[in-house]
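Protein chains in written order, with full-length UniProt numbering: chain L, 1 to 384; chain C, 1 to 169; chain R, 1 to 679.
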C-alpha cells in the first residue's frame, strides 16, 4: 500500500484527473477564475489595507438570492431527527394482499385514511382536466371530510346479518302467505319511536308517545256498543278504514302510556257490565215482569180444566222453562217484543196490531174468540 | 366576525336567501376565506383554501358534520357550535409546529356520543414520535374531560405542507 | 338521528278485549276465560308467533364484534394508524405506548386538580368517567373509619396505613371489622402499594412496569394488626399466607411455627396457609405441612397442587424430579382436578434445571444431559398440548397461566420442532382459549421465537415472506438477529419483494447504524440482477438505493459539536459500495462525487470529517466503475478510479490498469501515468 503522507499541498479532489483534463483539453469548460493574489503597495512599500466594514461571510439576503436563483448549492445539514425519519414506514395499503378480508381491515365507521385503503381513489374538482393531473389520495382533505361506507360492504353486511339471525325467530308463516290476515288476527297495532342522539344526552321526551291503531270490526261489538264507542271516540275514528287511532302521551314513560291505551279500550266494556236493565236501549221479553206474570198465568190455565190452552200437552206441573220453550209462547213473546219496542218507533200503534196482540193472548190462554166488549176487557186485564 | 367564523368552521348551509339590504360594511362580506396573491408565489393554497366560500356544498364539503341544524335540534345548536370552536382552537394551539397552514382545516365528525377529529398534521420541522404520542394522549383525554364525551383523534401525518398544496399564488 | 318504529299486534290484549265484549253482550253467562269461548269474540289468533329469544343488553354487540378477525398489516389499536407513526421495534412500541399513557395521566391530573374548570354539565345520565376525583390525602382527610374503609376499598395500601396510624396516634377507636379489612389488605400486599401487574386503571404501566420483589417486613403494620386483632384461624392463616407469599427464610420459619401453634390450639388453618408453606418451605417443612393437611382434613385446591408441583421442582436429582412430577400430574387427573396452565408451566420449567441456557439461541452448545432433558420436556409437551386441545375451554386460574405458552414455545424452538410450535400457536389463537399473554412483552417474545423457528425450518422463500409479513411489526418487533436471519434466507433465494421488505424493516429498526448489517444490505442489493426486475420493481430498487445512500451520508454528516453523538462516519468500503450502487442505477454524477470524497483529505482528517480512516475501499466496486468509465471513454472518471486504487493497492495490480488507459488514450504521455502509478 503506497500512501502519500506529509505532502506540502492539501489534496482536494483528484489531481490526476485534472492533469488529464488539461492534457486532453477537456478542462476548457471548467475554467476557474484566476484571482490575482498580487498585493498592492503604495509608494513607501506598505500594503494597502482595505477597511472592510462588511463581515467576511455572505449576508443572509445574498444567500437567499443565490439559493433562489440556483447559483449556490445549499448545504444540506443533517437534521437531528434522522432516526425518527428513518422509522417512517411505507403505507400499509401496499403491503395488503389482494385476497384479504376487507371486513377485518375496516370493521367500523372511520374517516378515510389513504395509507389503509388500497384503492386508487381521486377526489376534487379540476376545472381543466387536461391541464391538471388527477388529485392523489394522500393529503386529500375532501376524502377525509365526506362520510364513507367502507365498513358496510356487502360482505360485511352479510356477516352481520348471519350473526343477528341467531337472535331472531321466524316470521309467522301464515302472515307471509296471506298478509291481509294481519288485519283480522292481529287487529291492534302499537307504534312507538326511539330517538338516537348525537351528544351526551340520551333522553328524549318524544319517545313516550304511543300510537295505537285498532281495527274496529275486529272488536266484534254489536251495534249499540259500537255506536257508543264511536260517539266517545269522535275524531279518532277513521270511517274509511274502520280504524280507531289512540295517541297517548299523558304519562311519563312509554310503558305507562301503553297500559293507558289498553285501558282506554277495555274500559268501555267494563262499564257495560255495570249497565242495568233500565239502561237498555230495547226492552227484552226474557227477564221482564210480563214474562213472569205470563208464566204464572199459564201455569194456572194449564191446571184449569175450563180453558182449552194449547199448552195442555205439556202435562201437569210444567216448569217455567218448558212453558217458555213452547212454540206458542215463543210466538207470543215475539209479538210482545214487537208491540213493546217497535211501536211508535217503527210502526204506529194501530188497532190491528193491538187486536193481533189480544188474539195471540187469547189463543195462548185457550180462551175463545169473544165479542169486542169481552176482548177489550180481557186484553186490558192480561196486558201488564 | 361572523364571516370568519363561518369560513373556518361551522358553516351553515344557506337555505333561503331572501333579498335584503346589506347593512354590514362592504369589505366585511367579501374578504372572508379569500387569499391575496403574493409577488413571489409563496402563499401556499390547499384545495380547501383555493375554492371560494360560495363553492361550499358544490366543490368542497363541510368541515363539521352534525345534525343540529335540523328543526328539532335548535336547542343543541349553539352548544355544538361552541364545542366545535373549542376543539378547533385547542388543536391549533396545541400542535403549533405540526399544523398545516394556519390550522383551520380540522374536520369534526360526530358518531353517536363520540367526537372524531380528523385532518392532517405535518412533520417537516421535527418528527418526534414520543412527543406526538404524548400530545395525542393528552388531547384526547383532555377534550373528553372538557366536553364530557369521548373524543378521538384521527389525524393523519404528511411529510411537508407541500403534500397538501393545491397551488401557490 | 334515527327513528325506530315498532308495530306490536298484541295478541294477548285482543283476547282480553274480545272476552270483555262477549261478557257485555251475552247475558246468559259467557265465560271470560283466556282460552276464549263462546261466540265470535274470544278466539285465539291463528298466527304462530314464537316467543322472543332471550338476550342480554350486550349480546348483539358482542356477536357483531366477534365477526371481526385479524388485520395482519395493522398496528396495535393503541397506536396511531399512520405510516409515520407505526412502531417497528419493541422498544418503539414501549416508548409510544407509555408516552400516550403519560399524556392521558397528565390530562387526568389536571382535571382532578381543577374540577371547576371542567363543569360542562349537559350529559344525561351523568357520566362519572369524565369527572375524575382526586385520591384523598391521608394526612389531610378526616380520620374516620369510613374514610379508612374507602381507602381499603380502593386498595391504597400506604395511604390506608398512614390514616390508620394517624387514627391510632390520636387514640381513636377503630372497630374490629375495619381493622380486619385493613389487616387483610396489608397482609396481601406486605404494606407496599399494589404492584404494577395488578393495576386496573393504567394499562401501560401494568404492562411495562416492573415491581421489585420484596420480602416480608418483620414487625410491620401487618404484624401489629395481627396482635391487636383476636387470633382466629382466619387471621393466622392470612398472616401465614402473607409471610409465605413474600418469603424469606425467617418468615417461612415463623409461618411454620404459627401453623404449629394453630394446630396445638385445635384451630383448623385455611387451605391457603398450607399452600403457602408447601410452596415456599424446604423439604422437611412441606412434607410436614402436607401430612398435617391430611390430619386436619383440609381439602386441597388447585393452589395446593401447584404448590406441590413447585416444591417438587426443587429436588436435586433429575429422575426423582421427573417421576414425582409425573406422579403428581397423573394423580391430579385421576382425582378429576383439571391441571391449570400454571401447573403445566411449573412442570415444564422444572424439567430443565439450567434455564439460563434456554434463554440463548436455538442450538447453542447443548450438552448431552441438556439434550436429554429437552427431549423429556418435549415428550411431556406433546402430551400436554394434546390434552389442552381436547378441552372445551382454557380459562385463567392464576396470573402465571399465560407463561405456559412462552415456556412451551421456548422449548419448541430450542428443539427446532416446528409442528409442535404451530400447534401451540393454533391453540393460543383459537376461540376457546381465554388465556392471553400481555401484549408487547410476553406475546412479543412468543411470536419472535415462533417466527425465528419458522424461518429456520422452512425452505420456501414465499412461505417465509408470508409468515414474516403476517407477524411483523404487529406482533413481532424487528430485531437485529431477525433481520440477519432474514437476510441469510434472502441471499440464498433472492426475491425482490422480500428483499425490499427486509431492508426497509432494517432501516426502520436502526440497522443502518450497524456497520455489519449495512454491508450485508449492500451486498444483497448489489447481487440483485437489475434486468430481471419489472419496471415498477426497478423504480423501487432505485428509490431504495437512494434512500439508503442518503441515510448513510446524512448519518456521517453530523459534524457539529452538539450532534457529534449521532454521527456514524462512513468507512471507505461503504463509500465505494454506495458509489457503485448509485452508478448502477444511473446516478453516476453523484457516484463520482462520493468517490472524490475518498480522495479528499479534508473528509478524513479535517474538522468536519465524515469518513473514517480505517479500512480501504472495496477493490471490486472501484474496478467495476473503472471498467465502466473506460467503456464510456470518460477519462476523468477513469482517472479518479485509478487514483483511488493507486492509493490502496500494490503496484503490480495497477500496471495492467494503467496499460488499459494508455490503450484508450494514446496521446497521453505514458510517463505521467507511470509516475503517478509509482506514487
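Each residue gets a CB set at the ideal place from its N, CA and C atoms; glycine is no exception. Keep in mind the model is a prediction, meaning the values are calculated, not measured.
query                                                                                                                                                                                        : result
If you count every other CB in all the chains shown that lies within 10 Å of the CB of residue 119 (chain C), and 16 or more means buried, which is it?                                      : buried
CB-CB under 6 Å to residue 608 (chain R), same chain, minus the five flanking residues each way: which ones, in chain order?                                                                 : 559
Would you please verify whether the beta carbon of residue 138 (chain C) is less than 8 Å from any beta carbon of chain R?                                                                   : yes
Check the Cβ-Cβ distances between residue 133 (chain C) and every residue of chain R, and say whether any is below 8 Å.                                                                      : yes
Under the assumption that residue 156 (chain C) contacts residue 44 (chain C) (Cβ atoms under 8 Å), give the Cβ distance between them as a whole number of angstroms.                        : Not quite, the Cβ-Cβ distance comes to about 18 Å (not below 8 Å), so this is no contact.
Based on Cα-Cα distance, which residue from C:127, C:109, C:84 and C:80 lies nearest to residue 97 (chain C)?                                                                                : C:127
Could you tell me whether the Cβ atoms of residue 366 (chain L) and residue 310 (chain L) are closer together than 8 Å?                                                                      : yes
Once you ignore the five residues that flank residue 160 (chain C) on each side, which residues in its own chain have a CB closer than 7 Å to its CB?                                        : 122 and 124
Give, in chain order, every unbroken run of the alpha helix (DSSP H) that is at least 4 residues long and sits entirely within the segment 216-301 of chain L.                               : 223-233 and 254-274
Just checking: is the beta-carbon of residue 199 (chain L) within a distance shorter than 8 Å of some beta-carbon in chain C?                                                                : yes
For residue 592 (chain R) versus residue 129 (chain C), is the C-beta spacing smaller than 8 Å?                                                                                              : no
Between residue 446 (chain R) and residue 409 (chain R), which are expected to be in contact by the criterion C-beta below 8 Å, what is the C-beta distance as a whole number of angstroms?  : 5 Å
Could you name the residues of the segment 319-331 of chain L whose beta carbon sits closer than 8 Å to any beta carbon of chain R, in the order they occur along the chain?                 : none
State the start and end residues of the unbroken alpha helix (DSSP H) segment that holds residue 60 (chain L).                                                                               : 60-69
Give me, in chain order, the residues of the same chain whose beta-carbon lies closer than 6 Å to that of residue 66 (chain L); leave out the 5 immediate sequence neighbours on both sides. : 72
Pull up the distance between the alpha-carbon of residue 248 (chain R) and that of residue 52 (chain R), whole angstroms please.                                                             : 60 Å
In this structure, what does DSSP give as the bridge partners for residue 154 (chain C)?                                                                                                     : C:118
Residue 681 (chain R) versus chain C: which residues are under 8 Å apart at the beta carbon?                                                                                                 : With chain R covering only 1 through 679, there is no way to say anything about residue 681 (chain R).
I need the straight-line Cα distance from residue 635 (chain R) to residue 657 (chain R), nearest angstrom please.                                                                           : 13 Å
Identify the contact partners of residue 104 (chain L) in chain R, using a Cβ-Cβ distance below 7 Å as the criterion.                                                                        : 68, 69, 70 and 71
With a threshold of 16 other CB atoms inside 10 Å of the CB of residue 380 (chain R), please say whether the residue is buried or exposed.                                                   : buried
Return helix, strand or coil for residue 109 (chain C), following the three-state DSSP convention.                                                                                           : strand
From the DSSP output, read off the bridge partner residues of residue 47 (chain L).                                                                                                          : L:41
Grab the span of the alpha helix (DSSP H) containing residue 166 (chain C) for me, first residue to last.                                                                                    : Taken as a continuous stretch (DSSP letters only), residue 166 (chain C) belongs to no alpha helix (DSSP H), being part of the beta strand (DSSP E) at 165-168.
Evaluate contact between the segment 190-201 of chain R and the segment 419-435 of chain R, counting only Cβ atoms and requiring at least three cross-stretch pairs below 8 Å.               : no
Where does residue 297 (chain R) fall in DSSP's three states?                                                                                                                                : coil
List, in order along the chain, the chain C residues whose C-beta lies closer than 7 Å to that of residue 462 (chain L)?                                                                     : A question about residue 462 (chain L) goes unanswered here, because the residues of chain L that appear run from 1 up to 384.
For the segment 70-97 of chain L, enumerate the residues whose C-beta is nearer than 7 Å to any C-beta of chain R, in chain order.                                                           : 78, 80, 82, 83, 86, 87, 88, 89, 90, 91, 92, 95 and 96
In three-state DSSP terms, what is residue 24 (chain R)?                                                                                                                                     : With a pLDDT of only 36 at residue 24 (chain R), under 50, the local geometry of the prediction cannot be trusted, and the value read off the model is given with reservation. Three-state result, residue 24 (chain R): helix.
Under 7 Å Cβ to Cβ from residue 80 (chain C), same chain only, skipping five residues before and after it: list those, please.                                                               : 66 and 68
Can you find a C-beta in chain C that's less than 8 Å from the C-beta of residue 659 (chain R)?                                                                                              : no
Does the beta carbon of residue 87 (chain C) sit closer than 8 Å to a beta carbon anywhere in chain L?                                                                                       : no
Less than 8 Å between the beta carbons of residue 340 (chain R) and residue 398 (chain R), yes or no?                                                                                        : yes
Can you pull the chain R residues whose beta carbon is under 7 Å from the beta carbon of residue 144 (chain C), in chain order?                                                              : 130
Residues of chain C with CB closer than 7 Å to the CB of residue 113 (chain L), please, in chain order.                                                                                      : 156
Using a Cβ-Cβ distance under 8 Å, would residue 16 (chain L) count as near chain R?                                                                                                          : yes
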